[in-house]
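Colleague: Taking the numbering used here, the leading residue of the sequence shown gets 20, the next gets one more, and so forth. Ideal placement from N, C-alpha and C gives every residue a C-beta, glycine not left out. Remember, it's a predicted structure, so these values are computed and weren't measured experimentally. Here you go, one structure.
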Amino acid sequence: MEFGVFDHLDLSGSPIERFYRERLELVEAYERAGFHAYHVAEHHLTPLGMAPSPSVFLAAVAQRTKRLRFGPMVYVSPTYPRLRLLEEIGMLDQMSGGRLELAFGRGALAAELRFFDVDPGEADKTNQETIAFVLEALRSDAVTVSEEGGKKRKLPLAVPVLQKPHPPLWYGVHSPQSAERAARAGMNVMTLDWAQQMRACTDRYRAVWKETRGDAELPRIGLARLIYVDRNAADARATAGRAYRRWHASFNYLSSLMGFKHLRPRPPEFDAIVEDGRAFAGTPEGVAEYVHKQMNEAGANYFVGQFAFGDLTQEETLRSIGLFAEEVMPMLQRRKECDAH
């Protein structure tokens, strides 16, 4: 089992300059704790996502870390000029010494796409075209561009990626159909959905992977969850519940303002999202039990914790990360070894 981090970069209520400074301190803590990768969401004009340009934030991450891998989860590709996105990818991979992880998506909210005058009905098609454009350019170290008179010319990339033929690819899955697409493309996958729903996806993913690649090692199959760890279970639940209310307000900021409904809503109270399996707060032992059960139910092999959310203080978040790394991760590794025997 491997471990990663997912971050909405939802605004905590701190002044924004302090918010970014403390978030980068958390990134350093994730590296010290031994996490595999740090995955950042992209959202626009909402306190749910304070990294509307993931590349800008991740450039800072690249300079604050040495081993931690990182990347967008996801680049909302229909909102980008393709050449600029391609060149940002090359810069981030080179600046980090080859630690970039790549994910593209159509965008979670139609409202955000419309901010860019993008037709949500065309977003999936545009996303697939952008993926094809970027991967072709990265594999060939060249890109076809327009010149005067409508002619096309192929030019070498000034900033190719360091990882060849391209950085590892990720895909957010919500259905067996999307899982099949990812397996055929050789992509790692991740979801924030329910474990039972995820199981249908991972079963399909594994079947298609075996069908197309035989016994080749499976990529990472990621399950992301809101997590808070403390020594006392009641204190953990109370602290997480307080912070979740702030996170939930950010999650619903645009939908409340603009009058639309989320495709995958979250309940307003922390106890309810714990009940449906998508979050947990407790002692190291309780968290380890929860993660083990969720991973088995979902058929996942990569656990992704969302440790910083809502108005958790820097001290609270650092304590939770420390307990997860020092106690929960070793417990889960021991359980995995026992299960293997």
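Give me the Cα-Cα distance between residue 294 and residue 27, rounded to the nearest whole angstrom.
Modeller: Distance between the alpha carbons of residue 294 and residue 27 is about 22 Å.
Colleague: Would you mind sorting residue 246 into buried or exposed? The rule is 16 or more other CB atoms within 10 Å of its CB.
Modeller: Around the CB of residue 246, 16 or more other CB atoms lie within 10 Å, so the residue is classed as buried.
Colleague: Using three-state DSSP, classify residue 182 as helix, strand or coil.
Modeller: coil
Colleague: If you draw a straight line from the C-alpha of residue 34 to the C-alpha of residue 92, how long is it?
Modeller: Computed Cα separation, rounded: 25 Å.
Colleague: How would you call residue 205, buried or exposed, if buried means at least 16 neighbouring beta carbons within 10 angstroms?
Modeller: exposed
Colleague: Alpha carbon to alpha carbon, what distance is there between residue 133 and residue 102?
Modeller: 21 Å
Colleague: List the endpoints of the continuous alpha helix (DSSP H) containing residue 351.
Modeller: 348-359
Colleague: Pull up the distance between the alpha-carbon of residue 48 and that of residue 163, whole angstroms please.
Modeller: 41 Å
Colleague: Alpha carbon to alpha carbon, how far is residue 125 from residue 285? Give it in angstroms, no decimals.
Modeller: Each residue's alpha carbon lies about 21 Å from the other.
Colleague: Output needed for residue 131: all residues of its chain with C-beta closer than 6 Å, excluding positions within five of it in sequence on either side, in chain order.
Modeller: Closer than 6 Å at Cβ, skipping near neighbours: 63.
Colleague: For the segment 240-278, which segments carrying the alpha helix (DSSP H) assignment without a break, of at least 4 residues, lie completely within its bounds, in sequence order?
Modeller: 252-270 and 272-277, all fully within the segment 240-278.
Colleague: Looking only at C-alpha atoms, which of 216, 165 and 109 sits nearest to residue 316?
Modeller: 216
Colleague: Does the segment 341-353 come within contact of the segment 260-277, defined as at least 3 CB pairs closer than 8 Å?
Modeller: Here the segment 341-353 does not lie against the segment 260-277, with fewer than 3 beta-carbon pairs under 8 Å apart.
Colleague: Report buried or exposed for residue 251, applying the criterion of at least 16 other Cβ atoms within 10 angstroms of its Cβ.
Modeller: exposed
Colleague: Looking only at its chain, what residues have a beta carbon closer than 7 Å to the beta carbon of residue 55, apart from the 5 residues adjacent to it on each side?
Modeller: 21, 22, 23 and 88
Colleague: If distances are taken between C-alpha atoms only, which option among 142, 239, 264 and 154 comes closest to residue 291?
Modeller: 264
Colleague: Just to confirm the assignment, what range does the beta strand (DSSP E) spanning residue 26 have?
Modeller: 21-26
Colleague: Count the CB pairs spanning the segment 166-175 and the segment 146-153 that are closer than 8 Å, and state whether there are at least three.
Modeller: no
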